[in-house]
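First residue of the sequence shown: 36, per the working numbering; consecutive thereafter. Don't be surprised by glycine CBs; every beta carbon is placed ideally from N, CA and C. Below: the structure, in structure tokens.
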Amino acid sequence: MEGLESIKALVQVLVIIIVMAVLIEMLLPSSSMHDYVKMVMGLLVIVVVLEAGANLVKQDFKFELPALQQSSSGPSLETILGEGERLAGKNKEQALAEYRQGLEKQVLALAKLQNDLNVTGARIKTAGQPGDPEFGRLTGVVLEISEAQAENEQLVDRIKPVEITVGTNNSVEDTANNALVHSEQARKLAQTVANFYNIPVEQVQVVQVKQ
């Protein structure tokens with residue numbers, strides 16, 4: 036309704052301006068002044084039209100846009116943000132799974148370069164929980180070795196897969212079935228792995244699997 040009233044007022048003002056322009060032209064004796072009067076009246080018409088248009092636009096933004104927002108049936112902002120956080124967490128889990136797969140192969144391959152020991156498995160621990168800045172950082176490695184020589188093909192076929200766990204501790208707890216190895220070869224192996232992954236050597240343990 037306010038828009039219609041504005042248009043009605045605009046039409047009335049334009050009619051008044053036109054009537055005034057005609058009367059002024061009739062009263063002026065000199066024809067040279069007619070062009071000047073027409074120019075002034077034209078500018079006045081333009082100003083009135085622009086002012087009315089600006090008022091209409093201002094009313095549209097003030098009244099109609101909030102109505103459209105209120106009547107919208109789409110999801111709320113909280114729902115959209117929650118869905119985004121859920122997808123971000125899912126992507127982190129997927130990235131961590133791929134990180135584990137690559138790390139397990141890398142650790143076992145690096146450890147098996149030590150010819151003096153027969154590395155048959157590895158267990159890895161990473162720090163933090165999803166959302167933690169330290170999430171996924173390597174904090175501990177346990178390398179399992181066997182008494183048999185690495186050239187023994189039967190033992191190679193029974194190599195255990197790398198096992199990765201996630202937690203907040205800085206070391207990997209040993210199991211009761213394994214015995215910690217303190218030999219010079221074990222120390223060199225632990226030092227090699229620690230240097231490669233830039234972690235303290237104390238966080239790398241070499242254990243012998245009890246048969």
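Closest residue to residue i among the options (Cα-Cα distance)
i	options	result
Leu85	Val154, Tyr134 and Val48	Val48
Glu219	Ile234, Asp151 and Gln238	Asp151
Ser181	Asn153, Pro168 and Arg158	Asn153
Pro168	Val244, Val57 and Lys127	Lys127
Met55	Leu131, Val72, Arg121 and Val242	Val72
Val46	Glu60, Ile81 and Glu133	Ile81
Val50	Met61, Val244 and Met76	Met76
Val83	Glu113, Gly119 and Ala44	Ala44
Arg158	Ala221, Lys140 and Gly119	Lys140
Pro235	Lys245, Gly175 and Gly119	Gly175
Ala89	Glu118, Ala123, Ser41 and Val177	Ser41
Glu179	Glu113, Arg135, Leu224 and Gln136	Leu224
Ala87	Leu39, Glu60 and Leu143	Leu39
Val177	Leu62, Ile115, Val142 and Met68	Val142
Phe231	Ala144, Ala162 and Ala214	Ala144
Extent of the continuous beta strand (DSSP E) to which residue i belongs
i	result
Ile180	Leu173 to Ser181
Neighbour-count burial assignment, residue i, 16 or more Cβ in a 10 Å radius
i	result
Leu138	buried
Lys125	exposed
Lys160	buried
Leu308	Residue 308 is absent from the structure shown; the chain starts at 36 and stops at 246.
Gln226	exposed
Ala146	buried
Lys57	The amino acid occupying residue 57 in the given sequence is Val; Lys does not appear at that position. With fewer than 16 Cβ atoms within 10 Å of its Cβ, Val57 is classed as exposed.
Gln129	exposed
Gln149	buried
Ala221	buried
Pro110	exposed
Expected contact under 8 Å - CB spacing of residue i and residue j to nearest Å
i	j	result
Leu79	Ile52	6 Å
Val241	Val216	5 Å
Thr155	Val244	7 Å
Gly171	Leu131	6 Å
His69	Leu62	That pair is no contact at about 11 Å.
For residue i, three-class secondary structure by DSSP
i	result
Lys160	strand
Val242	strand
Asn230	helix
Asn153	strand
Leu39	helix
Glu186	With a pLDDT of only 43 at Glu186, under 50, the local geometry of the prediction cannot be trusted, and the value read off the model is given with reservation. Of the three classes helix, strand and coil, the one that applies to Glu186 here is coil, per DSSP.
Leu215	strand
Glu169	coil
Leu63	coil
Phe98	Low per-residue confidence applies at Phe98: pLDDT is 48, beneath 50, and the placement is therefore not dependable, though the value from the model is reported in the following sentence. Reduced to three states, the DSSP call for Phe98 is helix.
Extent of the continuous alpha helix (DSSP H) to which residue i belongs
i	result
Leu138	Leu112 to Ala146
Any C-beta of chain D under 8 Å from that of residue i
i	result
Arg135	No chain D appears in this structure, which consists of one protein chain only.
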